[in-house]
Structure formats: C-alpha cells, structure tokens
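K.L.:
Can you read through this structure? Questions will come right after.
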Amino acid sequence: MSFLKESVNRQPLADAVFAIAAKAKEDKELNGPEHVVDATIGSLYGEDGKLVALDTVYDSLKNMDNRVLAKYASSFTGNPDFKEHMYDWGLDGNSSLAHDVVATPGGTGAVAMGIDEFLEAGETIILPNIAWGSYKLMAQMDNLNIETYEMFDGDAFNLKSFKEVCEKVMVRQNKLVIVINSPCHNPTGYSLTDEEWAKVVEIMNECAKSVSVVLINDVAYIDFAYGQKAAKKYFRAFDKISDNVVVEVAYSLSKSMTSYGLRCGAAILLAQQQKTIDEIVTVFAKDARATWSNINNGAMAMFVDVLDNKPEEYNAERQKYVDLLQKRSSTFIKEADEVGLSHYPYKEGFFVTLNMDNKTRDAYHEALMANHIYTVKVNQGIRVAVCSLPVSQCQGLAAKMKKILDTVQ
36 MSFLKESVNR
46 QPLADAVFAI
56 AAKAKEDKEL
66 NGPEHVVDAT
76 IGSLYGEDGK
86 LVALDTVYDS
96 LKNMDNRVLA
106 KYASSFTGNP
116 DFKEHMYDWG
126 LDGNSSLAHD
136 VVATPGGTGA
146 VAMGIDEFLE
156 AGETIILPNI
166 AWGSYKLMAQ
176 MDNLNIETYE
186 MFDGDAFNLK
196 SFKEVCEKVM
206 VRQNKLVIVI
216 NSPCHNPTGY
226 SLTDEEWAKV
236 VEIMNECAKS
246 VSVVLINDVA
256 YIDFAYGQKA
266 AKKYFRAFDK
276 ISDNVVVEVA
286 YSLSKSMTSY
296 GLRCGAAILL
306 AQQQKTIDEI
316 VTVFAKDARA
326 TWSNINNGAM
336 AMFVDVLDNK
346 PEEYNAERQK
356 YVDLLQKRSS
366 TFIKEADEVG
376 LSHYPYKEGF
386 FVTLNMDNKT
396 RDAYHEALMA
406 NHIYTVKVNQ
416 GIRVAVCSLP
426 VSQCQGLAAK
436 MKKILDTVQ
C-alpha cells in the first residue's frame, strides 16, 4: 500500500554530483587537498579554492534595509523593476518581439515551470542526448515521455538529428516542447553559432505550420560566455519565429550574480503576438502562486541595485572570473588535444566533457577515483568542472587522465 499517487516515480534520488563530491571531500581529509583533484563542483571557485561571491553583489545585499530583505515581493510574477531590468539585461536589446518576464526560483524554476505548463502528462518533451540531468527528472515528475536529439555532428550542432526528432514527435502530438541549453552548454561547453540558431528557427517554423512549438532556451551560464555582450546577439534570430512559436529564455542569477543559494531567476517569454504572451503569463502566475508563492525580494532588489548603481564595477569584477575561466579551460583543452584525450567541442563555459561510450565511462570513472581524480558521469562522457579547478590543477591534468584512460580501454 502506498500513500503517494500511483503515477509518481518512487525511485530514490541519487544525485551523482553530490555523491562524488562527498567522496572527494573524504579523500581530501584523508590524503590532503594537494593530492586530490576535485572536478565535480559545478560552481565557480577562485584560485584560493573558495566559492566566488562577487563583492559588488554582496555589498549591495548587505547594505539593504532589513525590511527590504524581509518583505514579500509586490507580485507573484516578480517586482516590476526586477522584471524590466531582467528583460533589458538578459536580452541586451537583441529582440523586438512581444515579451514579458516571470520571476522564478533560479533558472531551475523557469525550466521546471515551462515543462510543467506546456505539456500534458503522457506527452513527449525533446531534450539533448547529453544534458543536465535535472531535465530528465523534471520530465519524470510530470509523467512525460522523452525523445532526445544527438547534440553533435562532428564539431557542430546536429541539425539533422534535431529536425528528425522534431518531425518524429509532431506525428503523435499537436505540440513540440524543445530544450536547448546554449550558450555554455552544461556539460560540454558548446555554444550554437548564429548560423545554427538561424537553422533551428527555420526548423521550428516549418514544424509550426502543423503544430505549436515551444523552445525552452536555458541560458544559465550566459554571463560567463567568453564573448560577453556578443554572446547575446543570437537572440536576434528569434525575431523570425512564426506566430505559432514561443520562446522561453530561462535565466539564472545563481551564476550571473554568484548567488546560488538566494534562488532567483526568470522566465523571459517571447512571441510575435502579445496576446500569446499574456495567456502564458496568466497560467505561469497561477503556477507561481500555487508552487512557491513569492520570489526572494532581497535577491530581486539586489539585482536592480547592482545594475542601476554599479554596473561598471560589477562587469569588471565578473570579467576577472570570465578571464580566469577561459585560462583554465584553454589550458585543459590545449593539453587534452596534445595528448589525444578526446572531448566534445568546447567553446566556453564551466565544463568540459570527455567523449566516450558509457561502458568505458563507468570503468574510467572508477579508475580516476582510484587515482584521486573526481569527475561526474554524464551520458556518453565524463564531465570535468574547470570552473572549480585552480589553474595549477588544470596544468598536466589531461596527460594524467589520458594515461589512466589508456589502462581501461
């Protein structure tokens, strides 16, 4: 006998990242941190081994009146000034579409709300075959089926697979809901080119002649893209979506503001017609009220304050870590290429993922841990979190990992 609804998945949640991170911590305590490479942590760490918390962000937060931190937000969908700033900052003037913004608990809340409200139980969501594991978990909790497109065709986005999967799913339901995590894809660090985005829009528009299409564009890491403002120019491609296409941009302040625990983000909704946006916001507002009720008022006020009063300082401070991330990733990628350690095409972001079949991955993961190197298993690969590794540990790491790989192949 169970007290839960019959349709719910009862398998215990086994979060691979936290489990392996705990093993790494034990190894550090036993053998000393200098002997352990902990490439599991998906948050930005400084060269001192400590979590990065931007001074511009937390000085703003600490200087706020206690009542600002304590009060409810003015709306279930977020404070008006936050929503305005989020749209302006998030898209940086690269869209002329009808739009609105709904504040959410992190980028996770934005993705989850879209998955929950755009599809009925039993319908199918389209995900990349290499992806953040929580997409699949969200789908399972909503009793959705999953179809996956192949992420890569060589060193490029696999447009052929993307098109084929969309066409396959639209035969059996009257709506497509698609997740694309770019720029700075988790876990490979791939970013679609402007040309690839234009092709994606073409494919969606063609499908939209028969069914409605929703794109959930997860941009959690966009503010650490190496091109910075240039990284947001691809949003212009969305101006060409048809009337039967909606884009939800899932934005995360966890990364942009290094405010992981404050749980603040947004769903930025884009469409050709304002009435389309208004209909979605009506439902999203009720979902917000019924699920989390209110978003962290202090986090929203902090975001507005930083952008209004010290944007140059914030950008300069964040840029230091963008540069550091680029140094770490370029060091690892260069050495990986030199020793023949195969990885998926990396352009920017927190993670690099090694390319291999799942059987090899499983044996390799164990062999790495036996050699005090801790990583995260993903579908068809091993994720290396360069975001949390000091440059000194990135140096020589690829050669060590290649040597270990040769013992299991």
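Quick note, the sequence shown lines up with residues 36 to 444 if you use my numbering.
We put the CB at the ideal spot given by N, CA and C, even for glycine.
1. In whole angstroms, what is the alpha-carbon distance linking W167 and F153?
2. Return helix, strand or coil for K355, following the three-state DSSP convention.
3. With DSSP run on the structure shown, which of helix, strand or coil describes V261?
4. Comparing C-alpha positions only, which one of Q430, D441, E231 and I417 sits nearest to I165?
5. Determine the extent of the alpha helix (DSSP H) in which N101 is found, giving its start and end residues.
6. Near N216, which residues of its chain fall below 6 Å by C-beta distance, leaving aside the five closest residues on each side in sequence?
7. Please state the DSSP three-state secondary structure of R418.
8. Assuming E69 contacts V426 under a Cβ cut-off of 8 Å, what Cβ separation, rounded to an integer in Å, is found between them?
9. Of all the options F386, V411 and P380, which has the alpha carbon lying nearest to the alpha carbon of N393?
10. Could you compute how far the alpha carbon of D397 sits from the alpha carbon of G375?
11. Per DSSP, what kind of secondary structure is G300 in: helix, strand or coil?
12. Tell me whether the beta-carbon of M176 lies closer than 8 Å to the beta-carbon of N331.
13. Hey, could you find the ends of the beta strand (DSSP E) Y286 is sitting in?
14. So what's D274 in DSSP terms, helix, strand or just coil?
15. Decide if T228 is buried, meaning its Cβ has at least 16 other Cβ atoms within 10 Å, or exposed.
16. Hey, is the stretch 91–107 in contact with the stretch 239–247, meaning 3+ C-beta pairs nearer than 8 Å?
17. In terms of alpha-carbon separation, which member of I257, L342, E348 and C219 lies closest to D116?
18. To test your reading of the DSSP string, which unbroken alpha helix (DSSP H) runs of 4 or more residues are found completely within the stretch 157–203?
19. Check this for me: beta carbons of H120 and V421, under 8 Å apart or not?
20. Could you have a look at D73 and say whether DSSP puts it in helix, strand or coil?
21. Quick one: is R353 buried, meaning 16 or more other Cβ sit within 10 Å of its Cβ, or exposed?
22. Taking 7 Å as the limit between beta carbons, can you name the residues of its chain near A402, skipping five residues before and five after?
23. What residues in its chain sit with their C-beta under 7 Å from that of D127, if we drop five residues either side in the sequence?
24. Considering only the beta carbon of each residue, do A433 and F367 sit closer than 8 Å?
25. In chain order, what residues of the same chain lie with their CB nearer than 6 Å to the CB of V136, ignoring the 5 residues before and after it?
26. Along the alpha helix (DSSP H) that carries H120, what are the first and last residues, could you check?
27. Measuring alpha carbon to alpha carbon, tell me which of F273, G84 and L89 ends up nearest N129.
28. Report the residue from K275, Q430 and I251 whose alpha carbon sits nearest the alpha carbon of A233.
29. Would you report the Cα separation of E373 and G224, rounded to the nearest angstrom?
30. Return helix, strand or coil for K412, following the three-state DSSP convention.
31. How is the beta strand (DSSP E) around A138 delimited, first residue to last?
32. Between K382 and S226, is the Cβ-Cβ spacing less than 8 Å?
33. Nearest by alpha-carbon distance to Q308: which of N279, T293, V212 and V419 is it?
34. How is V246 classed by DSSP in three states: helix, strand or coil?
35. Please state the DSSP three-state secondary structure of N216.
P.N.:
Per the coordinate set shown:
1. 20 Å
2. helix
3. For the sequence presented, residue 261 should be read as Tyr rather than Val. Residue state, collapsed to three classes: coil.
4. I417
5. N101 to A105
6. The beta carbon of N216 is closer than 6 Å to those of D253 in its chain, skipping five residues each way along the sequence.
7. strand
8. The beta-carbon distance between E69 and V426, rounded to whole angstroms, is 15 Å. This is too long to meet the 8 Å contact definition.
9. V411
10. 20 Å
11. strand
12. no
13. Counting along the chain, the beta strand (DSSP E) containing Y286 begins and ends at V280 to S287.
14. helix
15. exposed
16. no
17. L342
18. 168–176
19. At least 8 Å separates the beta-carbon of H120 from that of V421.
20. In this structure, D73 counts as strand in the three-state DSSP scheme.
21. It is buried - the Cβ of R353 has at least 16 other Cβ atoms within 10 Å.
22. I439, T442 and V443
23. K264 and K267
24. yes
25. K118, M121, Y122, A301 and I303
26. P115 to L126
27. F273
28. K275
29. Going by the C-alpha atoms only, they are around 19 Å apart.
30. strand
31. A133 to T139
32. yes
33. N279
34. coil
35. Secondary structure of N216 (DSSP, three-state): strand.
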